[in-house]
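Q:
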Amino acid sequence: MFIPVETANYFVSFLAQQGVIGSDDLSRVLSAATEGGDNAINMLFKFSLADEASMASSVANAFGLELADLSEEQSVDIDALALLPRKFITQNRVLPFLKEGSTLHVAIADPAALNQMSSVHLVTGLTVVTHVVKLSELDRWLNRYSGEGLTTDSIEHPLAGDSAPSKQKKKTASAKKSPDLSSNSKDAGNVEGAEEAKSSEVIQFVNDVISTAIQLHVSDIHLEPYRDAARLRYRLDGVLQVQEKLSKFLLEHYPAISTRIKIMSKLDIAERRLPQDGAITFKTGDGREVDLRVSVLPTSAGGERIVMRLLDHSAFELKLETLGMHDADLGKLTTAVDAPQGLVLVTGPTGSGKSTTLYACLNRINKDGINIMTAEDPVEYVMEGVGQVQIRDDIGLDFKAALRSFLRQDPEVILVGEIRDKETGDIAIKASLTGHLVLSTLHTNDAISTITRLVNMGIPNYLITASLSLIVAQRLARKVCKSCAEVDTSVSPEQLKMIGFTPEEISQTTVYKGAGCKECSGTGYKGRQGIYEILQITPKLKQAIMDGRDAPELYEIALKDGFTSMQKVGRGFVQQGILSAAEYQRILIF
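Using the working numbering, the letters of the sequence shown map in sequence onto residues 62 to 651.
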């Protein structure tokens, strides 16, 4: 008998609650099992305290379920067995044995398995009727089904005996008799009706959560389980916001909700110990399709934390001209992207819009006469005409390996999702020196520190100056809601001076904030503004890099060559009433 220890302990405790065994017997069994390293149910049988028939009857009576008999070789319909994943069946000890139209009959032996009926309904889409069988009968079938090398194709003969057509017909007919072995069908129907209603609510809840996120232009959905609570948060305009109204339902149905999302993501619903990544294509009410990237992570609280990222396909239609750069900076970027070779780096923290900028660059140069290869982790969008490779570190397909292979694919343009180490940086730089345009990202605070980062990686100064064409550093800041914008009288001239405003700029600046309204859900912000600094590697900068100048010196040289920092760009947006002083400080003071 391979029933898990926790399940066995729960089952024995349940039998004590039902009066099948006494409290003294319960303590005796649990102690003996712990001391002997054995299963509590095995100890129950060893002490002759209960028999299988009385145990099955106790479960059936307690929950108003039907008893079933799976003792015959033809008791299980193979077509029903194939409706659930093998791992789910064996780990959760649930056995689908008969499908009748839209109804699936499932056998269990212990009450803990009842928790999985919602999952069975969600997986199969069928109305589930639960039956109770003896432990030995369930174990016999699970042992056979979990046998090495067996599938629902090969299991038919070991389970059902000979494979003659008459045997197959007999198997189905015999299985259909099982539901009629008890008079509790009315109570069981009520139980299953409640389960089906609960499952429908869960499906609707998940759909509503995703639909609402799409309508609000949310970037990420967070579902978080805790020991005595659960939380749903939307990342809206870069900031996480708790959705209080939905937390109660989320707490009460978290296991079913997480199972539903895993089903939609085509993940293993039986796996609750390891992280999993999947994807959902969600169809909205108006027929649009929205892709979601799903990450499931087991937590110490006992549940699985889920983050769903909504992928904005509008990035494909973006042009560099629509990103909101100043004309002079835009001209520098387009010149670098149109060049036949060189290294263009986009930097910034997670969520700053680097991918959008890179896709806008690819859109500009994606033409029939150009071979473009990308190495991404993950591939968020599939671009027509571009050879995209998903990085798989677990099998050795990292950025370094992908880059080496790209150079044998005769590309003109290479996009590397991220330069994480010296070896990847070396290959990217050498590719840019041999007639390729290379686009990539780094995690640095600003454009100048990107040069320092490359040096610290161990890349020689002469290779940096020979390959690096341009650096884009960026942030995404929340814009003041136009519908409720008002003068922010709380901002003093001293505060403006502290964040870089000159006395002359202060005298000409009126700072605005959002008061909060329906349009912005009371936040005072609506939409986001890209803030960019474009560092072109000029001859003077190249010489300074070769000379090993530090970051402050490089910054002063860049300013003289026409460089505009993100902070100065941001102050311009504050003066225009686009950004609040508080948002400027949150995004641009680092």
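Glycine included, every Cβ here is placed at the ideal spot set by N, Cα and C.
#1: May I have the straight-line CA-CA distance separating VAL90 from SER197, to the nearest angstrom?
#2: Does PRO157 come out as helix, strand or coil in the three-state DSSP assignment?
#3: Rounded to whole angstroms, how far is the Cβ of ARG536 from the Cβ of LEU649, which I believe are closer than 8 Å?
#4: Quick one: using the 10 Å Cβ neighbour count with 16 as the cut-off for buried, is ARG321 buried or exposed?
#5: Do you know whose CA, among PHE75, LEU312, VAL368, lies nearest ILE341's CA?
#6: When the Cβ atoms of the stretch 115–123 are set against those of the stretch 177–197, are three or more pairs found closer than 8 Å?
#7: Using 8 Å as the Cβ pair cut-off and three pairs as the minimum, do the stretch 295–307 and the stretch 338–356 touch?
#8: Output the residue ranges of the alpha helix (DSSP H) runs that lie fully inside the stretch 408–470 and measure 4 residues or longer, sorted by chain position.
#9: Look up HIS166 in the DSSP assignment and give the residues it is bridged to.
#10: Are there three or more Cβ pairs, one per stretch, closer than 8 Å when the stretch 265–284 is compared with the stretch 510–518?
#11: Would you mind reading off the limits of the beta strand (DSSP E) that contains ASP338?
#12: Is DSSP giving HIS182 helix, strand or coil here?
#13: Taking all protein chains shown into account, do 16 or more other C-beta atoms lie within 10 angstroms of the C-beta of GLY575, making it buried, or fewer, making it exposed?
#14: Indicate whether THR625 and GLU594 have their beta-carbon atoms separated by less than 8 Å.
#15: Please classify GLN451 as buried or exposed, where buried requires at least 16 neighbouring CB atoms within 10 angstroms.
#16: Compute the distance between the beta-carbons of MET444 and PRO472, then report whether it is under 8 Å.
#17: Need the endpoints of the alpha helix (DSSP H) that ASP140 sits in, please.
#18: Since ILE590 and GLY496 are thought to touch, with beta carbons under 8 Å apart, how far apart are those beta carbons, to the nearest angstrom?
#19: Which word fits ARG154, buried or exposed, when buried means at least 16 other C-beta atoms lie within 10 angstroms of its C-beta?
#20: Following the continuous alpha helix (DSSP H) through ALA642, name the residue where it begins and the one where it ends.
#21: Counting C-beta neighbours from all protein chains within 10 Å, is the total for MET559 16 or more, i.e. buried, or is it exposed?
#22: Ordered along the chain, which non-local residues of its own chain (more than five positions away) have a Cβ less than 6 Å from that of GLY363?
#23: Over what stretch of residues does the beta strand (DSSP E) that includes PRO286 continue unbroken?
#24: Three-state secondary structure (DSSP) at SER530?
#25: Can you list, in chain order, the residues of its chain with a C-beta nearer than 6 Å to that of ARG288? Leave out the 5 residues immediately preceding and following it.
#26: Would you report the Cα separation of THR345 and VAL351, rounded to the nearest angstrom?
#27: Taking the alpha carbon of ILE82 as the reference point, which residue from LEU500, ALA94, SER109, GLU67 has its own alpha carbon closest?
#28: Measure how close the beta-carbons of ALA93 and MET104 come, nearest whole angstrom, since I'm counting them as under 8 Å.
#29: Below 8 Å on the Cβ atoms is my contact criterion, and I expect PHE72 with ILE102 to pass it. Report the Cβ-Cβ distance as a whole number of Å.
#30: Select from LEU199, GLN78, ALA69 the residue whose C-alpha is nearest the C-alpha of PHE106.
#31: Would you check whether the ligand SAM has a heavy atom nearer than 7 Å to the C-beta of THR435?
#32: Using the Cβ count rule (16 or more neighbours within 10 Å means buried), how would you classify PRO521?
#33: GLU365 bridges to which residues according to DSSP?
#34: Consult DSSP for GLU614 and reduce its assignment to one of helix, strand or coil.
#35: Give the single residue among LEU458, ASP455, LEU391 whose Cα lies nearest to the Cα of LYS380.
#36: Hey, how far is the Cα of CYS545 from the Cα of ASN424?
A: Let me lay it out:
#1: Sequence index remark: in the sequence shown, residue 90 carries index 29 (1-based). Sequence index remark: in the sequence shown, residue 197 carries index 136 (1-based). Taking C-alpha positions only, VAL90 is separated from SER197 by approximately 19 Å.
#2: If you number the sequence shown from 1, residue 157 lands on position 96. It is a strand residue.
#3: Taking the sequence shown and counting its residues from 1, one reaches residue 536 at position 475. Taking the sequence shown and counting its residues from 1, one reaches residue 649 at position 588. A Cβ-Cβ separation of about 7 Å places ARG536 in contact with LEU649 under the 8 Å criterion.
#4: Here residue 321 refers to the residue found at position 260 when the sequence shown is read from its first residue. Here ARG321 is buried: its Cβ has 16 or more other Cβ atoms, across all protein chains shown, within 10 Å.
#5: Here the question's residue 341 lines up with position 280 in the sequence shown. Nearest to ILE341 by alpha-carbon distance, out of PHE75, LEU312, VAL368, is VAL368.
#6: By the Cβ rule, the stretch 115–123 counts as touching the stretch 177–197, because three or more pairs are nearer than 8 Å.
#7: Counting Cβ pairs under 8 Å, fewer than three are found: no touch.
#8: For the stretch 408–470, whole alpha helix (DSSP H) runs of length 4 or above, ordered along the chain, are 415–426, 460–467.
#9: Position 105 of the sequence shown, counted from the start, is the residue given in the question as residue 166. Beta-bridge analysis with DSSP links HIS166 to LEU159, VAL190.
#10: In short, these stretches do not touch, since the Cβ pair count stays below three.
#11: Here residue 338 refers to the residue found at position 277 of the sequence shown. 337–344 is the span of the beta strand (DSSP E), which, as asked, contains ASP338.
#12: Taking the sequence shown and counting its residues from 1, one reaches residue 182 at position 121. It is helical.
#13: Counted from its first residue, the sequence shown places residue 575 at position 514. Under this definition GLY575 is a buried residue.
#14: Sequence index remark: in the sequence shown, residue 625 carries index 564 (1-based). Sequence index remark: in the sequence shown, residue 594 carries index 533 (1-based). Yes, they are a contact pair.
#15: One-based indexing of the sequence shown puts residue 451 at position 390. It is exposed - the Cβ of GLN451 has fewer than 16 other Cβ atoms within 10 Å.
#16: Position 383 of the sequence shown, counted from the start, is the residue given in the question as residue 444. Position 411 of the sequence shown, counted from the start, is the residue given in the question as residue 472. No, Cβ-Cβ distance for MET444 and PRO472 is not below 8 Å.
#17: Taking the first residue of the sequence shown as position 1, residue 140 is located at position 79. For ASP140, the enclosing alpha helix (DSSP H) stretches over residues 139–142.
#18: The sequence position of residue 590 within the sequence shown is 529, counting from 1. The sequence position of residue 496 within the sequence shown is 435, counting from 1. Strictly speaking, residue 590 in this sequence is Gln, with Ile absent from that position. About 37 Å separates the CB atoms of GLN590 and GLY496; that is not less than 8 Å, and the two are not in contact.
#19: Working through the sequence shown from its first residue, we reach residue 154 at position 93. ARG154 counts as buried, since no fewer than 16 other beta carbons sit within 10 angstroms of its beta carbon.
#20: Sequence index remark: in the sequence shown, residue 642 carries index 581 (1-based). First-last of the alpha helix (DSSP H) with ALA642: 642–649.
#21: The residue you call residue 559 lines up with position 498 of the sequence shown. Within a 10 Å sphere around the beta-carbon of MET559 sit fewer than 16 other beta-carbons, which makes this residue exposed.
#22: By 1-based counting over the sequence shown, the position of residue 363 is 302. In its own chain, leaving out the 5 sequence neighbours on each side, no residue places its CB closer than 6 Å to the CB of GLY363.
#23: Working through the sequence shown from its first residue, we reach residue 286 at position 225. Element bounds for PRO286: 281–286.
#24: Position 469 of the sequence shown, counted from the start, is the residue given in the question as residue 530. Look at SER530 here: in three-state DSSP terms it is strand.
#25: One-based indexing of the sequence shown puts residue 288 at position 227. Correct list, in chain order: ALA362.
#26: Mapped onto the sequence shown, residue 345 falls at position 284. Mapped onto the sequence shown, residue 351 falls at position 290. Answer to the nearest angstrom: the Cα atoms are 8 Å apart.
#27: As a first step, residue 82 is located in the sequence shown; it is residue number 21 there, counting from the start. The option with the nearest alpha carbon to ILE82 is SER109.
#28: Taking the sequence shown and counting its residues from 1, the one referred to as residue 93 is at position 32. Taking the sequence shown and counting its residues from 1, the one referred to as residue 104 is at position 43. Right, the Cβ-Cβ distance comes to about 5 Å (below 8 Å), so this counts as a contact.
#29: In the sequence shown, counting from the first residue as 1, residue 72 sits at position 11. In the sequence shown, counting from the first residue as 1, residue 102 sits at position 41. PHE72 to ILE102, Cβ: 6 Å. Contact.
#30: Position 45 of the sequence shown, counting from 1, holds the residue named residue 106. Cα-wise, what sits closest to PHE106 is ALA69.
#31: The model on display carries no ligand, and the ligand SAM is accordingly not part of it.
#32: Counting from 1 along the sequence shown, the entry for residue 521 is found at position 460. It counts as exposed.
#33: Residue numbering aside, residue 365 sits at position 304 when the sequence shown is read from its first letter. PRO359.
#34: Stepping through the sequence shown from its first residue, residue 614 is reached at position 553. Here GLU614 carries a helix assignment [DSSP, helix/strand/coil].
#35: The residue labelled residue 380 in the question sits at position 319 within the sequence shown. Measuring from the Cα of LYS380, the nearest candidate turns out to be LEU391.
#36: Your numbering for residue 545 matches position 484 in the sequence shown. Your numbering for residue 424 matches position 363 in the sequence shown. Rounded to whole angstroms, CYS545 to ASN424 spans 36 Å at the Cα level.
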